[in-house]
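Peer 1: Protein sequence lines correspond, in order, to chains D and R. Using this note's numbering, read the first sequence as starting at 1 and increasing by one per residue. Using this note's numbering, read the second sequence as starting at 1001 and increasing by one per residue.
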Amino acid sequence: MAENVNSRIPTVVADGVDIVYRVNGTGGGRGSATAALNRILRRKQAEKAAGVRKVHAVRNVSFVAYRGEAIGLIGTNGSGKSTLLKAVAGLLPVENGHIYTDGQPSLLGVNAALMNDLTGERNIFLGGLAMGMPREQIKERYQDIVDFSGINEKGDFITLPMRTYSSGMAARLRFSIAAAKDHDVLLIDEALATGDRSFQRRSEARIRELRRHAGTVFLVSHNNKSIRDTCERVLWLERGELRMDGPTEEVMKEYEAFTGDKAPKKPAKAAPKPQQKAPVPAQDTKVALPS
Amino acid sequence: MTAEADDDLAALAARHGLSVSGARPTLREYIRRLWARRHFIAAFATAKLTAQYSQAKLGQLWQVMTPLLNAAVYYFIFGVLLGTKHGVPDYIPFLVTGVFIWTFTQSSIMAGTRAISGNLGLVRALHFPRAALPISFCLQQLQQLLFSMAALVVILLCFGVPVAVSWVLAVPALVLQFTFNAGVSMIMARMGAKTPDIAQLMPFVLRTWMYVSGVMWSIDQLASKNDLPRAVTVLLEANPAAIYIDLMRFALIDSFRAGQLPPHVWAVATGWALLAGVGGFIYFWKAEETYGRG
């Protein structure tokens, strides 16, 4: 990669990044009152003893992403992919190291801003505003969002509260709202698996379109096919560490051998997997982290 | 890439003008970004308010019904059952104004305490100045109060309080109170983000605060009847909640005279608003990059 440094424009630079979660009320004390008291009294000196559990989600990860690249992030569950993505978006603070970005990377996800008790229509405006779109732009794209989501194909559902939607319909609307914005650096966390087959095709097309407009795209996915279809470079995270960084095919081959997907010929590599997975704290604690 | 390349990476980032992701912007830039999100702040507040009664059959009618029912309960207890007037003329309007104005401050601060800790999903998913959250929650409470004020006007007229020019004073009083509430909310939001336990403690603090704020009794009368030490009177009268409540009573109720207000009341009200508003905003901004840590 070194020879590229001068000729290409970097958009995201991760420099020795460590990300640590602190979870209250776990571990030794199991959230008992004494543990809590301990925690308050002893604060930093004895975080561990006082029941604050540190989860080292990402360890010393460095990479440079360039303009025009689509980069896949792969790894088994709890390997720190989503956490790394959130840190790139500037939503999680890093413990050590730095993440430098060109402009403001945005996460493709707006779920948290939407309210189930409001109509789809109001949620489109709320979600758009939450992502920082100007009001006029939302008005302009409103019809496209509704059409893309296909919510109104079976009647006038957009004027009903979102709680009345089926889970598939709600997921489609959420994706449609999130995908309506233009992004410089786009971070996608498993967004391709929503909706029925025809919606999936539409969203894959939309991702490709977003990629043309965006400088750099990061895609987290467990779907090896969508990684192969979309990305030319892949970062493989395992237990928070960057295990491999290279062209898609090369990394995917190793990864599939590791997970035992398509490489039954290498049982020796697949066999130690349970032992490797068992002591990983990040996996156990994943439930406590935001999805 | 290995750790040895660290210096190169930092240099590479600097050469291409990349900035640290998620770093705290300057205060000026922060205000600019917050202003750019003003539509989101308003939309989020209104959406929260609307969502509140969206499952009820009477729907948004509850926005006015709830404060009216509240006032009816106070009328029943204090006006009918106890028959207390505390020697205050127009006691029911006096009481209801106090309760509504106090509720505005109380719910703003309560919502502010949970503004970050209760919305971690939002904080961790989207990028926006976090001050938008506590401000938005205060705005929601302000909208709620405006519905209550509509109910209050009905009550005032029912109890024969005349419409007066001084009602206009309610507007600056509300602006000042909103600024104060937003400031305190931002302070509490930062504290609540670091220590969520504060949210458990706040109801007790707020209840104590309510009892010393003259919501159900008149500070002015207490001070004149009993021989309170001068310091206690000054403290009671300087209490920002008491100030905003009395200002609203002065604005709306004709029998509440200017003489019942503490000295320099508008200056004190403005002082509290500026102190809490500006101080709270800067205090909140100082920790901007830490919100959302697990």
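Every residue gets a Cβ at the ideal spot worked out from N, C-alpha and C, and that includes glycine.
Are the beta-carbon atoms of E256(D) and N224(D) separated by less than 8 Å?
Peer 2: Result yes, Cβ atoms of E256(D) and N224(D) sit closer than 8 Å.
Peer 1: Under 8 Å between C-beta atoms, does K81(D) make it to chain R?
Peer 2: Taking Cβ atoms only, chain R never reaches closer than 8 Å to K81(D), which makes this a no.
Peer 1: Which residues mark the beginning and the end of the beta strand (DSSP E) in which E1288(R) is found?
Peer 2: Note, E1288(R): premise wrong, no beta strand (DSSP E); not H, not E.
Peer 1: Exposed or buried, L100(D), counting other C-beta atoms within 10 Å across all chains shown (16 or more means buried)?
Peer 2: Residue 100(D) is actually Tyr in this sequence, not Leu. When all chains shown are included, Y100(D) counts as buried.
Peer 1: According to the Cβ coordinates, are L91(D) and G1292(R) closer than 8 Å?
Peer 2: Yes, Cβ-Cβ distance for L91(D) and G1292(R) is below 8 Å.
Peer 1: Is F125(D) near I138(D), with beta carbons less than 8 Å apart?
Peer 2: Result yes, Cβ atoms of F125(D) and I138(D) sit closer than 8 Å.
Peer 1: To the nearest angstrom, how far is the alpha carbon of K54(D) from that of I19(D)?
Peer 2: Whole-angstrom Cα-Cα distance: 10 Å.
Peer 1: Mind the definition here: the stretch 58 to 78 of chain D touches the stretch 141 to 161 of chain D only if three or more C-beta pairs lie below 8 Å; say whether that holds.
Peer 2: No, the stretch 58 to 78 of chain D is not in contact with the stretch 141 to 161 of chain D.
Peer 1: Please confirm whether D1090(R) has its beta-carbon closer than 8 Å to some beta-carbon of chain D.
Peer 2: Output row for D1090(R): interface = no.
Peer 1: Tell me the residue span of the alpha helix (DSSP H) that contains F258(D).
Peer 2: Segment 248 to 259, the alpha helix (DSSP H) holding F258(D).
Peer 1: Taking T1050(R) as the query, report the chain D residues whose CB atoms sit under 9 Å from its CB, ordered along the chain.
Peer 2: The contacting residues are M115, D117, L118, R122.
Peer 1: Identify the residues that DSSP records as bridge partners of G72(D): which are they?
Peer 2: The partner list for G72(D) (beta bridge, DSSP) reads L219(D), V234(D).
Peer 1: Alpha carbon to alpha carbon, how far is G1277(R) from T216(D)? Give it in angstroms, no decimals.
Peer 2: Looking at the two C-alpha atoms, the distance is approximately 40 Å.
Peer 1: Looking at C-beta atoms only, is the number of pairs between the stretch 1254 to 1274 of chain R and the stretch 1107 to 1127 of chain R that lie closer than 8 Å three or more?
Peer 2: No: fewer than three Cβ pairs fall under 8 Å.
Peer 1: Can you pull the chain D neighbours of R1124(R), defined as C-beta to C-beta under 8 Å?
Peer 2: By Cβ distance, chain D contributes K86, L91, L92, A112, P290.
Peer 1: What span of residues does the beta strand (DSSP E) with F63(D) cover, start to end?
Peer 2: Here the beta strand (DSSP E) through F63(D) covers 53 to 66.
Peer 1: If I measure Cβ to Cβ from E121(D) and keep anything under 7 Å in the same chain, skipping five residues before and after, which residues do I get?
Peer 2: Closer than 7 Å at the Cβ level, and outside the excluded window around E121(D), lie I158, T159.
Peer 1: Can you give me, in chain order, the residues of the stretch 1164 to 1190 of chain R that have a beta carbon less than 9 Å from any beta carbon in chain D?
Peer 2: From the stretch 1164 to 1190 of chain R, no residue has a Cβ closer than 9 Å to chain D.
Peer 1: Applying the 10 Å Cβ sphere with the 16-neighbour rule, what's the burial state of F1076(R)?
Peer 2: Result: exposed.
Peer 1: Would you verify that the beta carbon of S106(D) is, or is not, closer than 8 Å to some beta carbon of chain R?
Peer 2: Cβ-Cβ to chain R under 8 Å: yes for S106(D).
Peer 1: Give me, in chain order, the residues of the same chain whose beta-carbon lies closer than 8 Å to that of I292(D); leave out the 5 immediate sequence neighbours on both sides.
Peer 2: Any answer about residue 292(D) is impossible in this case: the structure gives chain D only from 1 up to 291.
Peer 1: Just by C-beta distance, which residues in the stretch 239 to 260 of chain D are closer than 7 Å to chain R?
Peer 2: For the stretch 239 to 260 of chain D, which is checked against every Cβ of chain R, not one residue is closer than 7 Å.
Peer 1: For D15(D), would you say it is in contact with chain R, using Cβ-to-Cβ distances shorter than 8 Å as the test?
Peer 2: Yes - at least one Cβ of chain R is within 8 Å of the one on D15(D).
Peer 1: Does any CB atom of chain R fall closer than 8 Å to the CB of T159(D)?
Peer 2: With 8 Å as the cut-off, T159(D) does not count as an interface residue toward chain R.
Peer 1: Going by DSSP in three states, E241(D) sits in which element: helix, strand or coil?
Peer 2: Strand, per DSSP.
Peer 1: D196(D): which of Y165(D), A178(D), A171(D) sits nearest, CA to CA?
Peer 2: Minimum Cα distance to D196(D) is reached at A171(D).
Peer 1: Quick check on the burial criterion: 16 or more other C-beta atoms within 10 angstroms. Buried or exposed for A1011(R)?
Peer 2: By the neighbour-count rule (16 or more Cβ atoms within 10 Å), A1011(R) is not buried but exposed.
Peer 1: Who are I207(D)'s beta bridge partners in DSSP?
Peer 2: Answer is none; I207(D) lacks a bridge partner.
Peer 1: Under the rule that 16 or more other beta-carbon atoms within 10 Å means buried, what is Q1055(R), buried or exposed?
Peer 2: Q1055(R) is exposed by the Cβ-count criterion.
Peer 1: For the stretch 1230 to 1241 of chain R against the stretch 1137 to 1144 of chain R, are there 3 or more C-beta pairs whose distance is under 8 Å?
Peer 2: No, the stretch 1230 to 1241 of chain R does not touch the stretch 1137 to 1144 of chain R.
Peer 1: Beta carbons nearer than 8 Å to chain D: which residues of the stretch 1092 to 1121 of chain R have them?
Peer 2: Residues passing the 8 Å Cβ filter: N1119, L1120, G1121.
Peer 1: Tell me which residues share the same chain as A268(D) and place their Cβ nearer than 8 Å to its Cβ, disregarding the 5 neighbours each side in the sequence.
Peer 2: Confidence at A268(D) is low in this model, with a pLDDT of 42, below 50, so its placement is unreliable and no value can be given for it.
Peer 1: Per the contact definition of three or more C-beta pairs closer than 8 Å, is the stretch 1245 to 1261 of chain R in contact with the stretch 1165 to 1177 of chain R?
Peer 2: Yes, the stretch 1165 to 1177 of chain R touches the stretch 1245 to 1261 of chain R.
Peer 1: Whole-angstrom Cβ separation of G1022(R) and S1117(R), contact assumed at under 8 Å?
Peer 2: Incorrect: roughly 19 Å between the Cβ atoms, too far for contact.
Peer 1: Ends of the beta strand (DSSP E) at Y21(D)?
Peer 2: From DSSP, the beta strand (DSSP E) with Y21(D) extends over 10 to 23.
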